[in-house]
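Engineer: Per numbering that gives the first Met the number 0, the sequence shown runs over residues 0 to 105.
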Amino acid sequence: MKKSRRENMEDMEIKHHIFPRVEWKLDHIDRDGFILDIGGGGEGVIGKLMGEKVIAIDFKKEELLEAAEGPLNIIMDARELKFLDESFQTVTAFFLLCISRESPNR
Numbered sequence: 000m001k002k003s004r005r006e007n008m009e010d011m012e013i014k015h016h017i018f019p020r021v022e023w024k025l026d027h028i029d030r031d032g033f034i035l036d037i038g039g040g041g042e043g044v045i046g047k048l049m050g051e052k053v054i055a056i057d058f059k060k061e062e063l064l065e066a067a068e069g070p071l072n073i074i075m076d077a078r079e080l081k082f083l084d085e086s087f088q089t090v091t092a093f094f095l096l097c098i099s100r101e102s103p104n105r
């Protein structure tokens, strides 16, 4: 049976200790409106904790298939967001900047 991306990452963490455990305090996140989680596929930290309020976007469909269920999981490039201004109360991008690919055009 093929392992999920999460299981592979957990195995890598256990065997090689390459990812330190991180604790996030989330009490500052406003839960009254929608939350945009950029790079919200795969682990989708915010989606797993606050799923009913989270709109997750990710560049890869495969990542969104592993994301927590929320109102919407959308394939979208974070460099070209297609939402109206003030659509979200909060925007998160956990771990996005460490994995974003470079673009020669930007």
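Think of the CB as a built atom: it goes at the ideal place given N, C-alpha and C, for glycine as much as any other residue.
The structure presented is a predicted model; accordingly, all values stated were derived computationally and were not measured.
If you pair each beta-carbon of the region 68-83 with each one of the region 33-51, do three or more pairs fall below 8 Å?
Structural biologist: Segments in contact, yes.
Engineer: May I ask which residues mark the beginning and end of the beta strand (DSSP E) holding Ile-56?
Structural biologist: Segment 53-57, the beta strand (DSSP E) holding Ile-56.
Engineer: Between the C-alpha atoms of Thr-89 and Gly-50, what's the straight-line distance to the nearest angstrom?
Structural biologist: Rounded to the nearest angstrom, the two C-alpha atoms are 14 Å apart.
Engineer: Do Gly-41 and Ala-55 have their C-beta atoms closer together than 7 Å?
Structural biologist: No, the Cβ-Cβ distance between Gly-41 and Ala-55 is not below 7 Å.
Engineer: Report, in whole angstroms, the separation of the C-beta atoms of Leu-63 and Asn-72, which I expect to be a contact under 8 Å.
Structural biologist: 4 Å between Cβ atoms; contact.
Engineer: Quick one: what's Ile-37 bridged to in DSSP?
Structural biologist: Ile-37 pairs with Ile-56.
Engineer: What does DSSP give as the partner residue(s) for Val-90 in the beta ladder?
Structural biologist: The partner list for Val-90 (beta bridge, DSSP) reads Leu-35.
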